[in-house]
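S.K.: Residue numbering for the sequence shown follows this note's numbering, beginning at 264 and increasing consecutively.
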Amino acid sequence: MTEEIAGTPGWVDVRLDEVFASLPEGAAVGAAKAAYADCLATQKDPVAPSDDSGAEFNGCRSRLHVALAEAGVTREAWAKLDAELEALEAEITADS
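#1: Indicate, with yes or no, if the ligand HEM has a heavy atom lying under 6 Å from the CB of A300.
#2: Using a 10 Å radius around the Cβ and a threshold of 16 neighbouring Cβ atoms, would you call V336 buried or exposed?
#3: Which residues in the same chain have their Cβ closer than 6 Å to the Cβ of A330, if we skip the five residues on either side of it in sequence?
#4: With a threshold of 8 Å, are at least 3 pairs of Cβ atoms found where one atom belongs to the segment 345-353 and the other to the segment 276-288?
#5: What distance in whole Å lies between the Cβ atoms of A340 and L286, which are believed to be in contact at a cut-off of 8 Å?
#6: With DSSP as the reference, label T337 as helix, strand or coil.
#7: Which stretch, first to last residue, makes up the alpha helix (DSSP H) that contains G293?
Next comes the structure, spelled out in structure tokens:
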């Protein structure tokens, strides 16, 4: 018997690298990105159907926003990133 563990498809890590590439590098941004990726992976049981609205990931994005604001990411940079993350979350929902 195999055990299902929480996780996101492998392509998500590549997309996160692309999405976060526009932000300044640094420990705070890197930690926020890692926490966001971990949050995405734990928000959905891999065998459960996705919430069609993608609302299952809203808490992840909210926590990321706070962490990036504390790291000095501007509102303009957040607005662009937020749109890209919303699209990524929709892709994850469609892929599950």
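Cβ atoms here follow ideal geometry from the backbone N, Cα and C, with glycine treated the same way.
Keep in mind that this is a model prediction, so the values were computed, not measured.
M.R.: Quick look at the numbers:
#1: The model on display carries no ligand, and the ligand HEM is accordingly not part of it.
#2: buried
#3: A295
#4: yes
#5: 6 Å
#6: coil
#7: A290 to T305
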